[in-house]
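Residue numbers (UniProt numbering): 1 to 214. Positions of the beta carbon are idealized from the N, C-alpha and C atoms, including for glycine.
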Amino acid sequence: MKIIMLGAPGAGKGTQAKKIAARYEVPHISTGDIFRANIKNGTELGQKAKTYMDQGLLVPDELVVDLVVDRVNQEDCASGYVLDGFPRTIPQAEALDKALAELGQKIDYAINVEVPDENIIRRMSGRRACVDCGATYHMEYAPTKVEGTCDNCGGSLILRDDDKPETVEKRLGVYHEQTQPLIKYYTSAGVLREVDGTIDIEDVFSEIVKILGE
Ligand code: AP5
Ligand code: ZN
1 MKIIMLGAPG
11 AGKGTQAKKI
21 AARYEVPHIS
31 TGDIFRANIK
41 NGTELGQKAK
51 TYMDQGLLVP
61 DELVVDLVVD
71 RVNQEDCASG
81 YVLDGFPRTI
91 PQAEALDKAL
101 AELGQKIDYA
111 INVEVPDENI
121 IRRMSGRRAC
131 VDCGATYHME
141 YAPTKVEGTC
151 DNCGGSLILR
161 DDDKPETVEK
171 RLGVYHEQTQ
181 PLIKYYTSAG
191 VLREVDGTID
201 IEDVFSEIVK
211 ILGE
């Protein structure tokens, strides 16, 4: 099962993608996580990506596309995967389709997690990420057992650099301009499915499980 998660920054794509990956035993491929790991490890890719991410801008397509195409070609992706944060522009979607067509494959579902802009800023200001394993929490909606400490690995939690309110506003603008057109793209391809992202995390997941057909 090859799934794309669509939605505004903070809509809950990552939260749901992790749950899908665990339930259906497919890899979770998050381009945001890949960039953050590269930044943490001080790689050249990380240094390049950081200058865009800190401003709330998209990393140029040429730095993203090959990375994802290589990843979906790996053996563990043979039976499927969840793409989270990719594609984010029409050229990225076209490049993905082209690469998949060469393998005789196609995307099965593009799940759009719908959350109005008003809710997004509040979500982002409460989000906390683990510095060590990248797990995501929310101070109000998805709290950790011990405040400030990751449930998975005991690491410390931080507010992401790009989750400051002014950067979130910029990211939302970029989303509407460059990423939202993908909704039409995947509707035309007949694979778009919508879920309400404003309800509880578990309820959103139940909706997704219904779509994926269990
Ligand atoms: P990326 O990491 O992909 O950021 P994003 O798309 O902005 O998405 P987020 O991770 O912010 O949010 P999410 O939708 O995953 O929400 P989450 O589940 O965490 O990318 C970061 C940057 O990298 C980009 O800005 C760009 O610069 C670059 N980049 C990445 N991919 C790229 C690409 N393909 N091309 C170019 N550049 C790229 O949830 C948010 C919070 O809400 C959490 O605290 C969560 O606990 C909480 N929450 C989730 N669901 C619910 C719910 N139902 N109810 C209440 N709270 C909830
Ligand atoms: Zn952790």
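Based on DSSP bridge pairs, tell me the residues matched to H138.
If you number the sequence shown from 1, residue 138 lands on position 138. Under DSSP, H138 shares a beta bridge with R127, A142.
What number of angstroms, rounded off, separates the C-alpha of E75 from the C-alpha of K48?
For this step, residue 75 is matched to residue 75 along the sequence shown. For this step, residue 48 is matched to residue 48 along the sequence shown. Computed Cα separation, rounded: 28 Å.
When you measure from the CB of V82 to every non-hydrogen atom of the ligand AP5, does any distance come out below 7 Å?
Taking the sequence shown and counting its residues from 1, the one referred to as residue 82 is at position 82. Because no heavy atom of the ligand AP5 lies under 7 Å away, the Cβ of V82 does not count as near it: no.
Residues bridged to T149 by DSSP?
On the sequence shown, residue 149 is found 149 positions in, with the first residue counted as 1. T149 is bridged to S156.
Is K88 near the ligand AP5 - that is, is its Cβ less than 7 Å away from at least one heavy atom of it?
Numbered from 1 along the sequence shown, position 88 holds the residue referred to as residue 88. Inspection of the sequence shows that residue 88 is occupied by Arg rather than by Lys. The answer is yes for R88.
Collect the residues with a C-beta less than 5 Å away from any heavy atom of the ligand ZN and give them in sequence order along the chain.
C130, D132, C133, A135, C150, N152, C153, G155
Suppose the cutoff is 7 Å on Cβ atoms and the five residues either side in sequence are ignored; what does the same chain contact list for G14 look like?
Residue 14 sits at position 14 when you count from the first residue of the sequence shown. So the qualifying residues of the chain are S30, D84, T136.
Please list, in chain order, all residues of the same chain as H28 whose beta carbon is under 7 Å from its beta carbon, the five residues on each side excluded.
As a working mapping, residue 28 is identified with position 28 in the sequence shown. These residues qualify, in order along the chain: A17, K18, A21, V82, D84.
G7 bridges to which residues according to DSSP?
Counting from one through the sequence shown, the residue named residue 7 turns up at place 7. DSSP output for G7 lists V113 as bridge partner(s).
Which same chain residues end up closer than 7 Å to R88 when comparing Cβ atoms and leaving out the 5 residues on each side of it in sequence?
As a first step, residue 88 is located in the sequence shown; it is residue number 88 there, counting from the start. Contacts found: L58, Q178, T179.
Out of A129, T144, Y52, S79, point me to the one whose CA is closest to G105's CA.
Taking the first residue of the sequence shown as position 1, residue 105 is located at position 105. Checking the sequence shown, residue 105 turns out to be Gln, not Gly. When only C-alpha atoms are compared, the closest one is S79.
Quick one, which of D33, Q55, P116 has its alpha-carbon nearest L67's?
As a first step, residue 67 is located in the sequence shown; it is residue number 67 there, counting from the start. Of the candidates D33, Q55, P116, the residue whose Cα lies closest to the Cα of L67 is D33.
Taking all protein chains shown into account, decide if N112 is buried (16 or more other Cβ within 10 angstroms of its Cβ) or exposed.
Your numbering for residue 112 matches position 112 in the sequence shown. It is buried - the Cβ of N112 has at least 16 other Cβ atoms within 10 Å.
Below 8 Å, can you find three or more Cβ-Cβ pairs linking the stretch 120 to 138 to the stretch 154 to 165?
With the rule of 3 Cβ pairs closer than 8 Å, the stretch 120 to 138 counts as touching the stretch 154 to 165.
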